[in-house]
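First comes the structure, then the notes that go with it.
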Amino acid sequence: MCKTDNEILKITEKMISDSYTSRIHSINVPDYDSFDVLFDNKTAEKDWTVIQQRVDGKENFFRDWNTYVAGFGSFEGDFFLGLEKIHRLTYSTRYQLLIRMEDFYGIIRYVGYDNFKVDGNETDYTLSSLGKYSGDKDDQLRADDNLGWHEGMKFSTFDRDNDLWKDECAKSDRGGWWYNQCAACNLNGEFSVMDGKNNTHMYWADNLPLKSVQMMIRKYKPL
Numbered sequence: 018m019c020k021t022d023n024e025i026l027k028i029t030e031k032m033i034s035d036s037y038t039s040r041i042h043s044i045n046v047p048d049y050d051s052f053d054v055l056f057d058n059k060t061a062e063k064d065w066t067v068i069q070q071r072v073d074g075k076e077n078f079f080r081d082w083n084t085y086v087a088g089f090g091s092f093e094g095d096f097f098l099g100l101e102k103i104h105r106l107t108y109s110t111r112y113q114l115l116i117r118m119e120d121f122y123g124i125i126r127y128v129g130y131d132n133f134k135v136d137g138n139e140t141d142y143t144l145s146s147l148g149k150y151s152g153d154k155d156d157q158l159r160a161d162d163n164l165g166w167h168e169g170m171k172f173s174t175f176d177r178d179n180d181l182w183k184d185e186c187a188k189s190d191r192g193g194w195w196y197n198q199c200a201a202c203n204l205n206g207e208f209s210v211m212d213g214k215n216n217t218h219m220y221w222a223d224n225l226p227l228k229s230v231q232m233m234i235r236k237y238k239p240l
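The number in our numbering is simply the position in the sequence shown, starting from 1, with 17 added.
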């Protein structure tokens, strides 16, 4: 029997002051310890939980498997919430995903998916569902459905190779991601201002480097 949303997530709010995001919440998920999440109410309407953030390049995202499972970084800067926490959230009820990206020309674009789900440890945190894609299209950023190529893939890190390439994508692309053969987008790659000739930095399309990224989820709200 499915639990209600109130049974799934019992939220206690703790307010903070921050120039980029606005609130930290402590979340209790059944059969799992409580943990803090960052809510963004400035970038995109209400109630978006940030699961990944790249804003200053100070955090190393070329990390091992256990670190990606547990999560790392700081809510005040770069962080990854953690594969197990993302799984627990998206397994509990239907979530939608919103990705905010800014390039080094100051162009900001959004892409979204309406049924984002990450499976658990037994499948190496497979990106099992994205749902319907929506997003902007721009010649400079090309905000197309680049994450769609990664749907159905297990997560990979430099010490756990789950991709479909003959070599190891996490090592060659310098990140942890749902690599295929290898990446149509690499949002956990290195922070770099390079000219787009290298696939190791964070990018969405055509290896064009990004200045900042936020991946956010919230409970699905039909239009």
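C-beta: ideal position from N, C-alpha, C; glycine also. Keep in mind the model is a prediction, meaning the values are calculated, not measured.
{"query": "Presumed contact (8 Å Cβ cut-off) between Leu-144 and Glu-168, rounded CB distance", "result": "6 Å"}
{"query": "Range of the contiguous beta strand (DSSP E) that encloses Ser-43", "result": "40-45"}
{"query": "Buried versus exposed, by CB contacts within 10 Å (16 or more), Leu-164", "result": "buried"}
{"query": "Alpha carbon of Gly-192 to alpha carbon of Glu-139, nearest angstrom", "result": "21 Å"}
{"query": "Closest residue to Asp-161 among Leu-106, Asp-50, Tyr-127 (Cα-Cα distance)", "result": "Tyr-127"}
{"query": "Simplified DSSP state of Leu-98, which is helix, strand or coil", "result": "coil"}
{"query": "Beta-carbon gap between Ile-103 and Val-230 smaller than 8 Å", "result": "no"}
{"query": "Neighbour-count burial assignment, Val-210, 16 or more Cβ in a 10 Å radius", "result": "exposed"}
{"query": "Distance between beta carbons of Asn-205 and Trp-194, contact taken as under 8 Å", "result": "5 Å"}
{"query": "Ser-43 classed as buried or exposed, judged by whether at least 16 other C-beta atoms fall within 10 angstroms", "result": "exposed"}
{"query": "Cβ neighbours of Val-72 in the same chain (closer than 7 Å, five flanking residues each side left out)", "result": "Tyr-37, Gly-94, Asp-95, Ser-229"}
{"query": "Neighbourhood of Arg-105 by C-beta distance below 7 Å, restricted to the same chain and skipping five residues each side", "result": "Val-46, Tyr-49"}
{"query": "Complete runs of the alpha helix (DSSP H) confined to the region 161-196 [at least 4 residues]", "result": "186-190"}
{"query": "Distance, Phe-56 Cα to Lys-134 Cα", "result": "19 Å"}
{"query": "Proximal residues to Met-233 (C-beta, below 8 Å), its chain only, five neighbours per side dropped", "result": "Asp-57, Thr-60, Ala-61, Trp-65, Thr-66, Val-67, Ile-68, Leu-114, Leu-115, Ile-116, Arg-117"}
{"query": "For Tyr-85, the three-state DSSP class (helix, strand or coil)", "result": "helix"}
{"query": "Buried versus exposed call for Tyr-220 [16 or more other C-beta atoms within 10 Å across all chains shown]", "result": "buried"}
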